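Notes follow the structure.
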Amino acid sequence: MGKPPSQESGFPTVRRTGYSCSQIGRARVSKPVTKVVIVGGGTAGWLSACLVAAHARTHRRRQLEVTLVESPDVPTVGVGEGTWPTMRGTLERIGISEEQFLLACDASFKQGSRFDGWVTGAADDRYYHPFVAPAAGEPRDLVAAWQAEASSAPFAEAVSAQPRACQLDLAPRQPAMPGFAGALNYAYHLDAGKLATLLAGHGTRQLGVRHVRDHVEAVVTDDTGDIAAVRTRASGEIAGDLFIDCTGHAALLIGTTLEVPFRDRSGELFNDRALAMQVPVAPGSPISSQTVGTAHTAGWLWDIGLPTRRGVGCVYSSAHATDDQAEQTLRGYVGRAIPAADLKSLAVRRLTFRSGHRERFWDRNCLAVGLSAGFLEPLEASAIVLIELSLGALLDNFPADADSMALHARRFNELFRYRWDRIVEFLKLHYVLSKREEPYWRDNRSEGTVPERLRDLLRVWRDQPPSSYDLPHASEIFPAASYQYVLYGMGFPVPEAVRGAAPAGTVDGLRQVGQRARVLASSLPTNRAYLDQLRNTAGAAPTSAEHVS
Ligand SMILES: Cc1cc2nc3c(=O)[nH]c(=O)nc-3n(C[C@H](O)[C@H](O)[C@H](O)COP(=O)(O)OP(=O)(O)OC[C@H]3O[C@@H](n4cnc5c(N)ncnc54)[C@H](O)[C@@H]3O)c2cc1C
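Per my numbering: the sequence shown = residues 1486 to 2034.
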């Protein structure tokens, strides 16, 4: 636990006695929640605003007013380029069509991740973590069938047709399918800045979100300690019943005002720096179906293909590499695909972060969403999905009045504390299973840095494969299937007790994987063909939010 990072120094909290009853309205105990104030206009802020406003419309809570206050002075992080499949449901709920989204956000399809060089760093060291779950079967049966029938194939390729689709750069759907439907489960790669612009246009024009472009200079609390209003530089005080803190790393409401402690997880997850670069691509060049994460001596590189560029970045631990070394690693990687003269002209953006999260995400009448709630390094792109899950939990359990706020907060905090802990363990798994010998990788395996629950599970998995007994929640963020993909992708030994005959049904299921891969290969367009056709059909393509709402 520690002091929250990057708190804005001198940011005042104004405590005002008598404020809660006399200035806001009715007696506090029964005050209904009608005014939602969101502070921050990054991915978290605009997703929150659109989801709350869309929910209010769908559920006829028309009395709910949604205001988003966004500083013109503080830039957004805007790096998040990989989403989870949940984004399809999110866009649908908000009322943005898939076509609008793909065009406006320069987006492409993501079908999972490929990890290169994580075990030994050898040229053939790679495995997939696809979005499609393995062919049906009990974990023991599935692993037994893989060993008996297809042990020469990597686990993911034996149990799912999706890695083959990724190898061929295929789209997960045909253009004629209804929006958001797919032959394979999928998410998106996108330009995060453009997503915020799209959501802002849609939220203000279609969903009635009030947008205040102003800097919040102070937070006003009432005599109970709840937040009563935020005070802006030019627009006065904006009062609310529920505040959503989307102020990014600054965490002005949850951290500075309410002083909820920050739980530092950098002892488990070492990475604390990133360099990001936008790399142009030639027209017509293939677009990858997966995020590629390539291990390096002190971290890893991400590589994300969009229709008009690649987003490439280097994540590293400042205790194990200098900024210059990291930049050399990044330029060395990008330089494999583009001429040296072009590489020289590409700018690098530097980002600093600390893996960790709040002790509580919902405190009093303030919910932290996005970076204000915390951040864990971007290895499995778990930040935007946490934003979506937070909003889902809020809206499915929306506090009717001030009285029920504490109860909802407690339930929310329990659930999300569970989720953040599970994400830390799953991310750490990728490091613990590595056999690389550089100091960074050895340090990552040292026992004191591995969460105790993960250590216990690794012991269990020597005797049996990961199953729902290990991840028992109905809505686990990473289910047992994800653990199977990483474990067997990284060469974790198959338990002796699982070897041997597998049930005929599971064996059949595995045999059909190859057949399905062939059918998909002959019926799905490539990402490039799909996305170029979309743009050509749209003609003078509506590529900004101005045209799509
Ligand atoms: C290197 C890196 C890679 C990442 N990759 C991924 C990925 O692949 N997938 C993924 O899901 N996520 C990823 N993320 C995380 C993702 O970028 C963030 O979760 C996402 O951008 C949400 O940010 P945010 O909206 O919480 O904060 P920010 O983008 O920082 O927005 C903060 C907002 O608060 C406003 N604000 C601040 N102070 C004030 C004030 N005083 N008054 C008014 N407004 C104020 C700012 O103006 C801004 O609008 C990555 C992050 C990093 C660092």
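C-beta: ideal position from N, C-alpha, C; glycine also. Values in this document were obtained by computation on a predicted structure and should not be read as measured data.
Could you check how far apart the C-beta atoms of residue i and residue j are, in whole angstroms? I think they sit under 8 Å.
{"i": "Ile1729", "j": "Leu1852", "result": "5 Å"}
{"i": "Leu1536", "j": "Ala1592", "result": "With a Cβ gap of about 19 Å, Leu1536 and Ala1592 do not count as contacting."}
{"i": "Leu1737", "j": "Val1701", "result": "7 Å"}
{"i": "Ala1761", "j": "Gly1798", "result": "4 Å"}
{"i": "Tyr1671", "j": "Pro1771", "result": "That belief does not hold up - the Cβ atoms of Tyr1671 and Pro1771 are roughly 17 Å apart, past 8 Å."}
{"i": "Gln1949", "j": "Pro1988", "result": "Wrong, their Cβ atoms sit about 16 Å apart, outside the cutoff."}
{"i": "Asn1929", "j": "Tyr1916", "result": "4 Å"}
{"i": "Leu1823", "j": "Gly1565", "result": "Checking the sequence shown, residue 1823 turns out to be Ile, not Leu. 24 Å between Cβ atoms; not a contact."}
{"i": "Ala1866", "j": "Thr1776", "result": "7 Å"}
{"i": "Val1715", "j": "Val1554", "result": "6 Å"}
{"i": "Ser1802", "j": "Phe1747", "result": "That pair is no contact at about 19 Å."}
{"i": "Gly1994", "j": "Gly1622", "result": "6 Å"}
{"i": "Asp1955", "j": "Leu1939", "result": "No, Asp1955 and Leu1939 are not in contact; Cβ-Cβ is about 10 Å, not under 8 Å."}
{"i": "Ala1635", "j": "Val1983", "result": "That belief does not hold up - the Cβ atoms of Ala1635 and Val1983 are roughly 15 Å apart, past 8 Å."}
{"i": "Gln1596", "j": "Pro1615", "result": "6 Å"}
{"i": "Phe1665", "j": "Glu1550", "result": "So it is not a contact: roughly 29 Å between Cβ atoms."}
Cβ atoms of residue j and residue i: under 8 Å apart, would you say?
{"i": "Lys1920", "j": "Asp1726", "result": "no"}
{"i": "Ala1534", "j": "Leu1856", "result": "no"}
{"i": "Leu1861", "j": "Val1800", "result": "no"}
{"i": "Pro1924", "j": "His1781", "result": "no"}
{"i": "Phe1911", "j": "Phe1963", "result": "yes"}
{"i": "Phe1594", "j": "Asn2012", "result": "yes"}
{"i": "Ala2002", "j": "Ala1646", "result": "yes"}
{"i": "Thr1682", "j": "Asp1699", "result": "no"}
{"i": "Ala1650", "j": "Leu2016", "result": "no"}
{"i": "Val1705", "j": "Leu1669", "result": "no"}
{"i": "Ile1523", "j": "Thr1543", "result": "no"}
{"i": "Gln2018", "j": "Pro1660", "result": "yes"}
{"i": "Arg2035", "j": "Thr1837", "result": "Any answer about residue 2035 is impossible in this case: the structure gives the chain only from 1486 up to 2034."}
{"i": "Trp1631", "j": "Met1975", "result": "no"}
{"i": "Thr1498", "j": "Ala1811", "result": "no"}
{"i": "Asn1882", "j": "Arg1896", "result": "yes"}
{"i": "Ala1986", "j": "Ala1643", "result": "no"}
{"i": "Val1562", "j": "Gly1733", "result": "yes"}
{"i": "Gln1652", "j": "Gly1580", "result": "no"}
{"i": "Ile1789", "j": "Gly1567", "result": "yes"}
{"i": "Arg1839", "j": "Asp1749", "result": "yes"}
{"i": "Leu1588", "j": "Arg2020", "result": "yes"}
{"i": "Ala1965", "j": "Pro1624", "result": "yes"}
{"i": "Leu1918", "j": "Pro1951", "result": "no"}
{"i": "His1540", "j": "Leu1831", "result": "no"}
{"i": "Ala1685", "j": "Gly1527", "result": "no"}
{"i": "Leu1914", "j": "Trp1785", "result": "no"}
{"i": "Pro1792", "j": "Val1518", "result": "no"}
{"i": "Arg1843", "j": "Ala1858", "result": "yes"}
{"i": "Glu1753", "j": "Thr1575", "result": "no"}
{"i": "Thr1741", "j": "Phe1977", "result": "no"}
{"i": "Trp1847", "j": "Ala1894", "result": "yes"}
Taking DSSP's pairing of strands, which residues face residue i in a bridge?
{"i": "Lys1595", "result": "Ala1672"}
{"i": "Tyr1613", "result": "Arg1599"}
{"i": "Tyr1801", "result": "Arg1758, Gly1784"}
{"i": "Phe1901", "result": "Its beta-bridge partners do not exist; DSSP assigns none."}
{"i": "Thr1498", "result": "Val1704"}
{"i": "Asp1886", "result": "Pro1517"}
{"i": "Val1604", "result": "Val1604 pairs with nothing; no bridge assigned."}
{"i": "Arg1834", "result": "Ala1761"}
{"i": "Asp1848", "result": "Cys1851"}
{"i": "Asp1552", "result": "Strictly speaking, residue 1552 in this sequence is Thr, with Asp absent from that position. According to DSSP, which records beta bridges pairwise, Thr1552 is partnered with Val1522, Arg1695."}
{"i": "His1842", "result": "Arg1748, Gly1859"}
{"i": "Thr1779", "result": "Asp1601, Leu1786"}
{"i": "Gly1567", "result": "His1674"}
{"i": "Arg1795", "result": "Val1764, Gly1790"}
Give a single yes or no on whether residue i has its beta carbon closer than 7 Å to a heavy atom of ligand 2.
{"i": "Ser1774", "result": "Looking at this structure, you won't find ligand 2 anywhere; what it does contain is ligand 1."}
So within the stretch 1709-1739, which uninterrupted beta strand (DSSP E) runs reach at least 3 residues, ignoring any that extend past its ends? Runs found: 1712-1717, 1722-1724, 1727-1730.
As an exercise, report each continuous alpha helix (DSSP H) stretch of at least 4 residues that is fully enclosed by the stretch 1952-2010, in chain order. Within the stretch 1952-2010, the complete alpha helix (DSSP H) segments of 4 residues or longer fall at 1965-1974, 1989-2008, listed in chain order.
Minimum length 4: unbroken alpha helix (DSSP H) runs contained in the stretch 1613-1684: Within the stretch 1613-1684, the runs of alpha helix (DSSP H) at least 4 residues long that lie entirely inside it are, in chain order, 1624-1635, 1640-1644, 1647-1652.
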